[in-house]
Structures are given as structure tokens and as C-alpha cells.
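Enquirer: Structure provided below as C-alpha cells; questions to follow.
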Amino acid sequence: MVHFHPRADAPFRLADIDRALSAGVHGIELDLRLRRSDRAVVCSHSARGLEERPTLAASIDRILRYRGDSGTVQKDGLQFFLVLDVKERSPLLYRGIVRTLRRYADSWSTTAAGPDGSPRGMTVVVSGGARGLAGTLEAATADSLFILEGQDYRGRIRQVSPEGGRFQWIAIQHPGERGRVRALHAGTDLATPGVFNVRAYDCHRRLAECAAAGVDAVNADLDELPRAAKLSAWVPHGSDPSR
18 MVHFHPRADA
28 PFRLADIDRA
38 LSAGVHGIEL
48 DLRLRRSDRA
58 VVCSHSARGL
68 EERPTLAASI
78 DRILRYRGDS
88 GTVQKDGLQF
98 FLVLDVKERS
108 PLLYRGIVRT
118 LRRYADSWST
128 TAAGPDGSPR
138 GMTVVVSGGA
148 RGLAGTLEAA
158 TADSLFILEG
168 QDYRGRIRQV
178 SPEGGRFQWI
188 AIQHPGERGR
198 VRALHAGTDL
208 ATPGVFNVRA
218 YDCHRRLAEC
228 AAAGVDAVNA
238 DLDELPRAAK
248 LSAWVPHGSD
258 PSR
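Count the sequence shown with this note's numbering and you get residues 18 to 260, in order.
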């Protein structure tokens with residue numbers, strides 16, 4: 018799976034989302050900060066120039082507009098992942114993120130759908146300052162809005178997809194050993210209990226090497242998306258959106 022990760026050295030714009038979606042990505046990462054002037058949650062790797070940066074809400078709206086009436090973002094039956102990298106330890110930022118995610122709760126796969134409900138097409142995954150954000154909420158509330166990278170959810174979140182499969186995520190920095198990727202897939206990694214999909218970051222010119230390690234997703238900047246797309250596995254239309 019190709020996962021768009023905005024460059025740290027360039028200001029993030031909503032047009033970046035448009036380009037990434039048009040390139041066929043199944044994941045977008047947003048770096049989140051608090052804009053003090055209006056207490057808005059904005060998307061920016063840098064703490065500078067926040068007045069010009071788009072809000073989290075505007076970014077989600079952009080993805081949903083692209084999805085349209087389809088059940089899944091890329092209209093292919095596959096799950097889409099919105100990864101939130103929380104860049105600051107701030108109760109105000111945490112509260113703003115939660116308020117925003119609640120506005121779009123009907124879109125998230127983790128919002129309880131009932132035993133007969135179909136999986137929704139988007140999952141929010143929280144990275145970075147994830148523990149601080151989760152620590153401000155009751156477990157059931159947090160679980161209904163997002164999943165944390167590296168968290169083992171056995172006994173907390175029930176997989177209702179008819180095809181089952183892994184739904185937990187963990188990020189590892191390249192280079193990652195194939196043996197560890199296999200252990201995380203199988204639930205035998207000694208350091209991290211649980212069965213995970215694995216996302217690799219800091220691949221850059223070694224995207225092919227990352228993919229060969231067996232990871233499920235690779236981070237790619239805008240200029241890396243065409244090369245990353247060639248490495249992604251072809252999946253038939255209509256596959257289970259929980260994959």
C-alpha cells in the first residue's frame with residue numbers, strides 16, 4: 018500500500034491531498050499542531066507559518082469530497098487510512114483533534130456498526146503523540162474514533178470483517194529486517210505483542226528495498242508516489258475493505 022507522507026521541508030497544502038489521491042494512494046499522513054490564534058487544529062510539520070496551513074477538518078473534507086458517494090475513498094473496495102502524527106503535547110490540541118474526529122464519526126471503521134454492519138471505508142490511525150491523546154479519553158471513546166500505532170487491541174476491538182485479517186498497525190523505520198516484519202505479522206515479536214500490519218518510513222530512494230522486506234505500506238513523498246505505486250501489489254476490485 019502506498020501511503021502519502023508530506024515532506025518535512027515543504028509547506029503542506031490541500032492541493033497535496035488532491036495530487037496524492039489522484040496518484041491512487043490508500044493512506045495519507047497529516048502532521049498536527051495547534052494554531053494558537055484561533056485554537057484550530059492545523060496540518061503542518063513545522064511550527065512556523067501556521068496561519069497559512071489548512072485545518073484537519075478541511076483536509077478530511079477534501080478526502081471525503083474525492084470519495085463522493087462511494088463506500089471507499091479510491092472506489093475500489095479497499096480500506097483507506099488517515100494517519101495523524103500528533104506533533105505537540107497539548108491538551109488543547111488533543112481536545113481539538115477529538116472534536117474534529119467526532120464530527121466525521123460516521124466515516125470511521127472503528128465507530129460501532131453492529132454485528133451485521135458493513136465495514137466503513139476509512140480508519141484513523143494515530144502516531145506521534147498518540148499516548149497523550151488517548152490518555153485524555155475513556156478507552157471506549159478513543160477506540161470508536163481511532164487506533165494507535167503499536168497498540169494491541171485484542172479483547173478491545175472486535176474484527177467484524179467477514180474475511181478477517183490484520184487491522185492493527187505499527188510503524189518501523191527503514192531499514193527494517195524481514196524477520197521482524199514476519200514476526201509482527203505473525204504475532205511472535207517479543208518486544209511488541211499483537212498481530213500488526215507494518216508501515217515503513219524513511220525509505221526514500223530505497224522504496225524497493227522496503228517493499229521487499231514484506232511491509233504492508235511504504236511512506237512516500239509526492240515526488241516518490243509514481244515509483245511507489247509501481248511497487249504496490251495489484252488487488253482485485255471489490256476486495257474486502259478491511260484489508
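By construction, the Cβ of each residue, glycine as well, lies at the ideal position given by its N, Cα and C atoms.
For the beta strand (DSSP E) that residue 140 lies in, which residues bound it at each end?
Expert: 139-145
Enquirer: Assuming residue 226 is part of the alpha helix (DSSP H), what are its boundary residues?
Expert: 224-229 is the extent of the alpha helix (DSSP H) around residue 226.
Enquirer: Taking three-plus beta-carbon pairs below 8 Å as touching, is the region 161-171 in contact with the region 179-189?
Expert: yes
Enquirer: Are the Cβ atoms of residue 100 and residue 111 separated by less than 9 Å?
Expert: no
Enquirer: Beta-carbon within less than 7 Å of residue 83's beta-carbon, same chain only, minus the 5 sequence neighbours each way: which residues are those?
Expert: 38, 90
Enquirer: Only counting the same chain, and skipping five residues up and downstream in sequence, which positions put a Cβ closer than 6 Å to that of residue 221?
Expert: The answer is none, since no qualifying residue turns up.
Enquirer: With which residues is residue 46 paired in a DSSP beta bridge?
Expert: DSSP lists 100 as partners of residue 46.
Enquirer: If you follow the beta strand (DSSP E) that residue 187 is part of, which residue opens it and which one closes it?
Expert: Taken as a continuous stretch (DSSP letters only), the beta strand (DSSP E) holding residue 187 covers 185-190.
Enquirer: DSSP three-state label for residue 22, please.
Expert: Coil at residue 22, not helix or strand.
Enquirer: When you compare only the Cα positions, how much space is there between residue 144 and residue 195?
Expert: Rounded to whole angstroms, residue 144 to residue 195 spans 22 Å at the Cα level.
Enquirer: Say yes only if the C-beta of residue 88 is nearer than 8 Å to one or more non-hydrogen atoms of the ligand NAD, and no if none qualify.
Expert: The ligand NAD is not part of the structure shown, which contains no ligands of any sort.
Enquirer: Out of curiosity, what's the CA-to-CA distance linking residue 51 and residue 79?
Expert: Distance between the alpha carbons of residue 51 and residue 79 is about 20 Å.
Enquirer: What separation, rounded to the nearest whole angstrom, lies between the Cα atoms of residue 49 and residue 150?
Expert: 12 Å
Enquirer: Please classify residue 181 as buried or exposed, where buried requires at least 16 other C-beta atoms within 10 Å of its C-beta.
Expert: exposed
Enquirer: Does DSSP put residue 57 in a helix, in a strand, or in coil?
Expert: Correct three-state label for residue 57: strand.
Enquirer: Check each candidate in 236, 217, 184 and name the one with the smallest Cα separation from residue 211.
Expert: 184
Enquirer: In chain order, what residues of the same chain lie with their CB nearer than 8 Å to the CB of residue 109, ignoring the 5 residues before and after it?
Expert: 51, 56
Enquirer: When the Cα atoms are used, what is the spatial distance from residue 231 to residue 21?
Expert: 18 Å
Enquirer: Here's the rule: buried if 16 or more other CB atoms are within 10 angstroms of the residue's CB, otherwise exposed. What is residue 25?
Expert: exposed
Enquirer: Which same chain residues end up closer than 6 Å to residue 122 when comparing Cβ atoms and leaving out the 5 residues on each side of it in sequence?
Expert: 128
Enquirer: Just to confirm the assignment, what range does the beta strand (DSSP E) spanning residue 216 have?
Expert: 213-218
Enquirer: Measure the C-alpha to C-alpha separation of residue 73 and residue 204 and round it to an integer number of angstroms.
Expert: 33 Å
Enquirer: Select from 19, 46, 18 the residue whose C-alpha is nearest the C-alpha of residue 31.
Expert: 46
Enquirer: Is residue 192 buried or exposed, if buried means 16 or more other CB atoms sit within 10 Å of its CB?
Expert: Residue burial annotation: residue 192 is exposed, with fewer than 16 other C-beta atoms found within 10 angstroms of its C-beta.
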